[in-house]
Amino acid sequence: MALDEKQSATGAPPRLKMTDISKSFGGVAALKGVDFTLQAGEIHGLVGENGAGKSTMMKIIAGVHTEYQGSLEIDGKEVHFRSAHDSLAAGISMVHQELSIVSDLTVAENVYLGKQPLNALGLVDWPAMVKGAREQLNNLGIDVDPRMRIGALPIGLQQLIELARVLFSGARIIILDEPTSALSPPEVQRLFEVLRKVRADGRSIVFISHFLDDILSISDAVTIFRNGRHVISHSTEGIDKNWLIEHMIGRGHEGLEESYSGLISLPTRPEGAPVLATQGLSYGRAFADVSLDVRAGEVLGVYGFMGCGQLEFARTLFGKLKPAHGHIELEGKTRTLRNTAQARAAGIAFVPESRRSMLFHHQPLYRNISISILERISRLWLKPGVERKTAQGHIEALHIRPPRVNALLGSLSGGNQQKVALAKWLTHMPKVLILSEPTRGMDVGAKDDVVKIVRDLRDKGLAVIVVSAEPETVLSLADRVVVMKKGRIVREFAAETISKDKLLEAA
Ligand SMILES: Nc1ncnc2c1ncn2[C@@H]1O[C@H](COP(=O)(O)OP(=O)(O)O)[C@@H](O)[C@H]1O
Ligand SMILES: [Mg+2]
């Protein structure tokens, strides 16, 4: 049954009702007359391709966007939040897609952000805060010293800590904007247990995710946005992933399912000597004795749960970390990479999992795309017309939205920013391209585009290494897969049929 016609069983007004919401940014409509209803004690999945308007809609509820048309009712009473503080006071708490943790604060301070317990003297009660934080984190199965600086922790842990803050804040409406993208399967299961407890208290949750299996397993109902419009809301009973994908992308999607979750046949390896190889590489406690190689025209997937050492491994290949043991060979010659500049000069390119650091948010698209050329040939006098034209070609080929060379990078959705990060390497080809979590937080359409870009680069003779904790990412991109577990390679899959189950099993 479509929820649009459904009456609340008790006749009580919904917990949240948004009607005919429209919102524009500088004349560009992000939401066009959108409705959204959330019941008390409900987990409601919200899905849609990148740029569909999910985050914008939720930021209206969270009091981040205060200028909009339409009405917002909570428990039947119309409200219009003037600030994030207003929204918080009304019992609404949101985990943003972009983590809002404060890296310089401790874990405990982040858990208690804005509401630190005070002692009799009116000072922050540190012992109480550390103890409380430890308890809350334990509830999520997180074992971390609350006195640590949060910025020093891996991103997945940071995300769990932010979740802890929101889940235990007592809010009646909790909005989670892509909370699981950095979490390992066991962490996701722990999060879901907590969400179910929160629901049992009669609190409501909006859960935004591109992981459709997650959406289907945790949500009572689901709403789909497309292009700033509400497509449908439906109970999750009797619907499946294909149904969701059809409504999300509204275009033919033959083969999509297969490439993301079905059986994948790995090809035989291309001929030729390795472009890059590692011999017995080790770094601290992160990883040990890693030997692997990658040839031209091959995509090697390095899969493992978060924290298995794969991120440190990728950084070692790019000269960011110095290995304690072992060595790196490039085209058969041992190379010591003292820093990233040496790695770049040797022809190694790296796109990290946090794209933000690689891109220039206040610069237009064409600048971001041409930057790698400018970096290389610093005195090159590039005609602005040529620069824009090259960029326009990439923007069209990669379906970057909006397709405007002058659009500021910061206004693009995460998926589109990633395409921009990759576009740079189409302009100037390195020998080895290392991608860390290249499709994290992206919808199926954008993922598909990234897959095409990476294949294109591979077919042009690049050796590509994809490091990821997402099985889907590895399955859709890799020609060969090594699995890392607790810092060691435990399995290799080559020229055989693999599946998500096999990867999860090996890790
Ligand atoms: N602060 C902003 N300034 C300008 N444009 C924005 C801003 N936030 C979002 N947009 C635009 O609004 C549209 C919807 O974005 P968003 O709500 O982030 O989508 P989603 O969360 O579904 O991926 C996109 O086209 C995006 O570029
Ligand atoms: Mg979003």
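Quick note on my numbering: the sequence shown kicks off at 17 and runs consecutively. Cβ coordinates follow ideal geometry from the N, Cα and C atoms, glycine included. Quantities reported herein were computed from a predicted structural model and do not represent experimental measurements.
Residue i CB to nearest heavy atom of ligand 2 below 7 Å
| i | result |
| --- | --- |
| residue 174 | no |
| residue 427 | no |
| residue 113 | yes |
| residue 217 | no |
| residue 71 | yes |
| residue 91 | no |
| residue 193 | yes |
Contact test: residue i Cβ vs ligand 4 heavy atom, cutoff 7 Å
| i | result |
| --- | --- |
| residue 46 | This structure simply doesn't include ligand 4; it includes ligand 1 and ligand 2 instead. |
For residue i: DSSP bridge partner residues
| i | result |
| --- | --- |
| residue 311 | 290 |
| residue 90 | 32 and 93 |
| residue 39 | 47 |
| residue 110 | 191 |
| residue 349 | 346 |
| residue 303 | 299 |
| residue 221 | 59 and 190 |
Classification of residue i by the beta-carbon crowding that lies within 10 angstroms, buried from 16 upward
| i | result |
| --- | --- |
| residue 512 | exposed |
| residue 55 | buried |
| residue 340 | exposed |
| residue 276 | Because residue 276 carries a pLDDT of 43, less than 50, the predicted location of this residue cannot be relied on, and the following value inherits that uncertainty. Buried. |
| residue 159 | exposed |
| residue 317 | buried |
| residue 321 | buried |
| residue 36 | exposed |
| residue 167 | exposed |
| residue 72 | buried |
| residue 94 | exposed |
| residue 348 | exposed |
| residue 67 | buried |
| residue 476 | exposed |
| residue 354 | exposed |
| residue 193 | buried |
| residue 311 | buried |
| residue 508 | exposed |
| residue 85 | exposed |
| residue 164 | exposed |
| residue 226 | buried |
Proximity test, residue i beta-carbon vs ligand 1 heavy atom, cut-off 7 Å
| i | result |
| --- | --- |
| residue 223 | no |
| residue 463 | no |
| residue 14 | Residue 14 lies beyond the stretch modelled for the chain, which goes from 17 to 523, so this question has no answer here. |
| residue 79 | no |
| residue 227 | no |
| residue 64 | yes |
| residue 97 | no |
| residue 241 | yes |
For the region 494-509 against the region 447-465, are there 3 or more C-beta pairs whose distance is under 8 Å? no
Should the region 226-238 be called in touch with the region 45-60, which here means at least 3 C-beta pairs below 8 Å? yes
Does the region 255-264 come into contact with the region 283-299, if we say contact requires no fewer than three beta-carbon pairs (one atom in each stretch) closer than 8 Å? no
At a cut of 8 Å, does the region 426-443 reach the region 452-460 through at least three beta carbon pairs? yes
Given 8 Å, three or more beta-carbon pairs between the region 146-153 and the region 298-314: no
Looking at C-beta atoms only, is the number of pairs between the region 210-222 and the region 245-264 that lie closer than 8 Å three or more? The region 210-222 vs the region 245-264: no contact.
Could you check whether the region 327-340 touches the region 350-359, counting it as contact only if at least three pairs of C-beta atoms, one from each stretch, sit closer than 8 Å? yes
State whether the region 250-259 contacts the region 73-86, with contact taken as three or more CB pairs (one from each stretch) at a distance under 8 Å. no
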